[in-house]
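Numbering (the working numbering), first residue to last: 4 to 140. Glycine is no exception: its CB is placed at the ideal position from the N, C-alpha and C atoms.
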Amino acid sequence: MATNALGKSEIVEKAALRRLAMVSAKHAPGTVEHDCWSMVHAVKELRRLNGRKVSRMNRMRPKIEREGEVAALEYCALNQTEGFAEAMDYGTPELTAEAIVLRHKDKFSEAALAAARARLVLAGVQIDEVGNIVSVR
Numbered sequence: 004m005a006t007n008a009l010g011k012s013e014i015v016e017k018a019a020l021r022r023l024a025m026v027s028a029k030h031a032p033g034t035v036e037h038d039c040w041s042m043v044h045a046v047k048e049l050r051r052l053n054g055r056k057v058s059r060m061n062r063m064r065p066k067i068e069r070e071g072e073v074a075a076l077e078y079c080a081l082n083q084t085e086g087f088a089e090a091m092d093y094g095t096p097e098l099t100a101e102a103i104v105l106r107h108k109d110k111f112s113e114a115a116l117a118a119a120r121a122r123l124v125l126a127g128v129q130i131d132e133v134g135n136i137v138s139v140r
């Protein structure tokens with residue numbers, strides 16, 4: 004799907020990536036688990052599209068298996084990852100662990116919430132008081 008969208012337009016390419024990420028996740032939409040796996044699939048696809056060796060997120064997947072999605076996302080929010088830079092470079096901040104943490108704030112520590120908000124703001128993302136992405140500069 005994302006490959007077919009290449010060269011159409013930037014909007015179509017990003018929409019295809021978002022859709023691919025959403026349908027690849029097996030959990031119920033709207034859950035932290037679904038959003039986490041959507042992020043994993045999106046970063047994997049971004050790496051493939053950029054001609055990078057497609058890793059299966061060799062650190063993230065075992066962390067999820069050992070500690071769960073919430074702990075893995077908390078770790079990502081507290082420690083900037085390559086996936087953050089890749090999603091931001093592509094213009095899809097909503098697919099970052101930081102955005103997921105802010106969307107599910109009741110599941111994460113205050114430290115993770117503060118780090119996620121600060122990283123997104125520093126990257127030029129405007130966030131409303133609830134934690135939703137408003138715009139990207």
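With a minimum length of 4 residues, the unbroken runs of alpha helix (DSSP H) contained wholly in the segment 86-136 fall at 100-106 and 113-125. When the five nearest sequence neighbours on each side are left out, the beta carbons in the same chain lying within less than 6 angstroms of the beta carbon of residue 79 are those of 100, in order along the chain. If you ignore the 5 residues before and after residue 131, its C-beta comes within less than 6 angstroms of the C-beta of 137, all in its own chain and listed in chain order.
When the Cα atoms are used, residue 121 and residue 112 turn out to be separated by approximately 14 angstroms. From the listed residues 81, 16, 35 and 40, the smallest Cα separation to residue 65 is found for 40.
Contact check for residue 45 and residue 20: beta-carbon distance about 6 angstroms, within the 8 angstroms limit, so the pair qualifies.
Per DSSP, the beta-bridge partners of residue 139 are 128. Around the beta carbon of residue 74, fewer than 16 other beta carbons lie within 10 angstroms, which makes this residue exposed.
Take residue 38, set aside five residues on each side of it, and the residues of its chain with a beta-carbon closer than 6 angstroms to its own are 103, in chain order. Our two residues, residue 35 and residue 129, have alpha carbons roughly 22 angstroms apart in a direct line. Here residue 72 is buried: its Cβ has 16 or more other Cβ atoms, across all protein chains shown, within 10 Å. DSSP, reduced to helix, strand and coil, places residue 69 within a helical segment of the structure shown.
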